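**Student:** Would you mind keeping the following structure in view while I ask a few things?
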Amino acid sequence: MKKLLTLLSLCFSLNAYSWGWEDFKTEFTSPYNEANTVLLIGTGVTLTSLIFEDQIVDPLQSEVVDHKPLGSFSKIGDYAGQLVPNTVYALSQTILGYNGDNKGYQRAIGMLKATSYAALVTTTLKYTIREKRPNSSDRNSFPSGHTTTAFAFSGYVWQEHGWKWGIPAMGVGLLTGFSRINDNKHYLHDVLAGATIGLAYGLGISKLQAKESTVAFLPIVDQVNRGLVFTMSY
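Convert by adding 20 to the 1-based position in the sequence shown; the result is the number in the numbering used here.
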């Protein structure tokens, strides 16, 4: 929760000069408006896993937990779900922005926003649904927070940088999600729901930024000139 609050405060303080309630509503609903296909498919797959939980999912999950196929690699997935790739990306884009990259600052803020909104939704669901974890350690199982933030990273990178960077980023998300099952921290439907939320926000925020940072036409009327000024903002 502390990480989430830190992300939220940093994200919105960086962009406070132009951010308000309408912006919050637009950004918060970006998965529905900008990535509804991912949201629909992900929700459908999550519900399907629940329908076939007893017949198929639980036996497969038990097999994974018993054999732990990831071995020590599960630690990488654990770290990836603790905002490490998200933070590294945001910091690197901030440095690029400082050095003149027009999209650097925008991408840093975009990653923070995608991660923050996704984490906020997942945290709210966790403390509302209160599903017990498979290892019975607490009641914060649904959805997977690690998977949520990892796929927020994956989705944003995919949308911003294309498949060459997007495929490795998706690999990070998949490794994180599978590691949560491997370590008996989450059920499959927890992971699928987290992936859906994170991916939808990663794609949605990026697409929303692209719309907001494209073009604008401003009227100019003075003693000499009359017409329109074309502007492009980033």
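Note that CB positions come from ideal geometry on N, CA and C, so glycine has one too. Just so you know, these numbers come straight off a predicted model, no measurement behind them.
Output the distance between the C-alpha atoms of Ile201 and Val141, rounded to the nearest integer angstrom.
**Tutor:** Cα-Cα distance, rounded: 21 Å.
**Student:** I need the DSSP call for Phe162, collapsed to helix, strand or coil.
**Tutor:** coil
**Student:** Measuring alpha carbon to alpha carbon, tell me which residue in Phe171, Lys231, Trp185 and Leu208 is nearest Val58.
**Tutor:** Phe171
**Student:** Among Gly197, His209, Gly218 and Glu151, which residue has its Cα nearest to the Cα of Gln179?
**Tutor:** Gly218
**Student:** Alpha carbon to alpha carbon, how far is Val104 from Tyr254? Give it in angstroms, no decimals.
**Tutor:** No answer about Tyr254 holds up, because its pLDDT of 44 lies below 50 and its placement is not dependable.
**Student:** On the DSSP letters alone, give me the boundaries of the alpha helix (DSSP H) that Thr148 sits inside.
**Tutor:** Gly124 to Ile149
**Student:** Is it true that the stretch 153-161 meets the stretch 121-128, where meeting means three or more beta-carbon pairs spaced less than 8 Å apart?
**Tutor:** no
**Student:** Please give the ranges of any beta strand (DSSP E) in the stretch 161-201, keeping only runs that are unbroken, at least 3 residues long and fully inside the region.
**Tutor:** none
**Student:** When you compare each of Tyr221, Gly62, Thr168 and Lys45 to Asp98 by their alpha carbons, which one comes out closest?
**Tutor:** Thr168
**Student:** Does DSSP classify Asp98 as helix, strand or coil?
**Tutor:** helix
**Student:** Is it the case that the Cβ atoms of Glu15 and Leu228 are separated by a distance below 8 Å?
**Tutor:** What is shown of the chain runs 21 to 254, which leaves residue 15 out entirely.
**Student:** Compare the C-alpha of Met131 against each of Asp121, Leu194 and Thr114 and name the closest.
**Tutor:** Ranking Asp121, Leu194 and Thr114 by CA distance to the CA of Met131 puts Thr114 first.
**Student:** Asp78 to Arg159, Cα distance in whole Å?
**Tutor:** 19 Å
**Student:** What would DSSP say about Phe48, mapped onto helix, strand or coil?
**Tutor:** helix
**Student:** Do Val177 and Tyr109 come within 8 Å of each other at the CB atom, strictly closer than that value?
**Tutor:** yes
**Student:** For a test of the three-state rule: what should DSSP assign to Ala230, helix, strand or coil?
**Tutor:** helix
**Student:** Between which residues of its own chain and Met190 is the CB-CB distance below 7 Å, once the five residues before and five after are set aside?
**Tutor:** Within the same chain, Met190 has close Cβ partners Ser174 and Trp178.
**Student:** Quick test of your reading: Ser164 and Gly214, contact by CB under 8 Å. State the CB separation rounded to the nearest angstrom.
**Tutor:** Taking 8 Å as the upper bound for CB-CB distance, Ser164 and Gly214 are in contact here, some 4 Å apart.
**Student:** From Lys45, Ile129 and Glu83, pick the residue whose C-alpha is nearest to that of Ser226; which is it?
**Tutor:** Ile129
**Student:** Looking only at its chain, what residues have a beta carbon closer than 7 Å to the beta carbon of Lys205, apart from the 5 residues adjacent to it on each side?
**Tutor:** Arg153 and Asn155
**Student:** Within 10 Å of its beta-carbon, does Pro89 have 16 or more other beta-carbons around it, so buried, or fewer, so exposed?
**Tutor:** exposed
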